[in-house]
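This report refers to the structure that appears directly beneath it.
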Amino acid sequence: VNDSVIVGFDNGKLIALDIANGKYTWETGIAIAKGRSEVERLVDLDADMVQTNDVVYVASYRGGMAAVSASDGDMLWQNTSISSYLGLSHDFRWVYLTDAHAHVWQIDQRSGAGLWQQKELHHRRLTAPVTYQNYIVVGDFEGYVHWLSSTDGHQLGRVQVTDAPIENPPIVVDDIVYIYAKDGTLSALKMK
Numbered sequence: 007v008n009d010s011v012i013v014g015f016d017n018g019k020l021i022a023l024d025i026a027n028g029k030y031t032w033e034t035g036i037a038i039a040k041g042r043s044e045v046e047r048l049v050d051l052d053a054d055m056v057q058t059n060d061v062v063y064v065a066s067y068r069g070g071m072a073a074v075s076a077s078d079g080d081m082l083w084q085n086t087s088i089s090s091y092l093g094l095s096h097d098f099r100w101v102y103l104t105d106a107h108a109h110v111w112q113i114d115q116r117s118g119a120g121l122w123q124q125k126e127l128h129h130r131r132l133t134a135p136v137t138y139q140n141y142i143v144v145g146d147f148e149g150y151v152h153w154l155s156s157t158d159g160h161q162l163g164r165v166q167v168t169d170a171p172i173e174n175p176p177i178v179v180d181d182i183v184y185i186y187a188k189d190g191t192l193s194a195l196k197m198k
């Protein structure tokens with residue numbers, strides 16, 4: 007981001023390092039560990055971050071999600087009710103994520119408010135979402151690819167591309183969605 011690399015850590019901290027010399031630029035705490043057991047205190051920043059303009063969106067496991075200024079690390083907003091260890095996706099106005107219960111969320115980039123939540127795919131071990139045209143696309147543990155409306159999250163359709171789990175998020179290149187499953191199956195899909 008700009009002339010920095012932004013890195014998330016297992017302790018819930020986000021830091022920026024200068025690309026030229028590796029020096030520390032800024033640090034921001036995204037999540038604070040709470041609880042008695044090690045599991046209760048997990049706040050890892052494992053989800054892939056996304057950036058739009060000068061804002062980085064980051065999610066932590068059990069610690070919520072946040073928008074941070076890429077230039078100085080200032081916290082723009084934080085939503086502690088939504089967390090994820092999977093990656094984020096975005097379009098021109100919204101951020102999308104899959105939480106630990108396989109609920110897909112649409113989040114307002116400006117406020118951090120959850121606008122809709124798709125719960126029908128509960129416990130399907132979804133991938134991180136990707137945006138494709140006006141859709142949100144996720145894979146699941148039975149080899150299905152689900153197409154959701156980006157407007158309200160309702161399921162528009164699904165197709166089973168393999169019997170094996172899809173663990174990696176789909177990849178969009180040009181106008182094609184590529185799906186790679188655990189058994190090595192590579193599928194290319196396009197919405198008509």
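Sequential numbering of the sequence shown, starting at 7, is according to this note's numbering. Glycine is no exception: its CB is placed at the ideal position from the N, C-alpha and C atoms. If you're wondering where the values come from, they're calculated on a predicted model, not measured in any experiment.
query	result
Any beta-carbon of chain B closer than 7 Å to the one on Gly-93?	Reference to chain B is not applicable here, since this structure consists of a single protein chain.
On the three-state DSSP scale, how would you describe Lys-19?	strand
Is the CB-CB distance between Ala-134 and Gly-69 below 7 Å?	no
What residue ranges within the region 85-169 form continuous beta strand (DSSP E) runs of no fewer than 3 residues, ordered along the chain?	94-96, 100-104, 110-114, 120-124, 136-138, 141-145, 150-155, 161-166
So, under 8 Å CB-CB, Asp-146 and Leu-127 are touching, yes? Tell me the CB distance rounded to an integer number of Å.	7 Å
Check for me: the beta strand (DSSP E) holding Met-55 runs from which residue to which?	That residue, Met-55, is in no beta strand (DSSP E); it is neither H nor E in DSSP.
In three-state DSSP terms, what is Tyr-30?	strand
For the candidate residues Leu-23, Ala-170, Val-165, whose alpha-carbon lies nearest to that of Ala-3?	No information on residue 3 is available, as it lies outside the stretch 7 to 198 that the chain covers here.
Take the Cβ of Gly-159 as the centre, count every other Cβ of all protein chains shown within 10 Å, and call the residue buried at 16 or more, exposed below.	buried
Report all residues from its chain with a CB closer than 7 Å to the CB of Asp-189; omit the five preceding and five following residues, and keep chain order.	Thr-168, Ala-170
Ordered along the chain, which non-local residues of its own chain (more than five positions away) have a Cβ less than 8 Å from that of Gln-115?	Thr-58, Val-61, Tyr-63, Ala-73, His-96, Arg-99, Trp-100, Val-101
List the whole-angstrom C-beta distance separating Leu-132 from Val-110, where the pair is believed to meet the contact cut-off of C-beta under 8 Å.	7 Å
According to DSSP, simplified to helix, strand and coil, what is Ser-77?	coil
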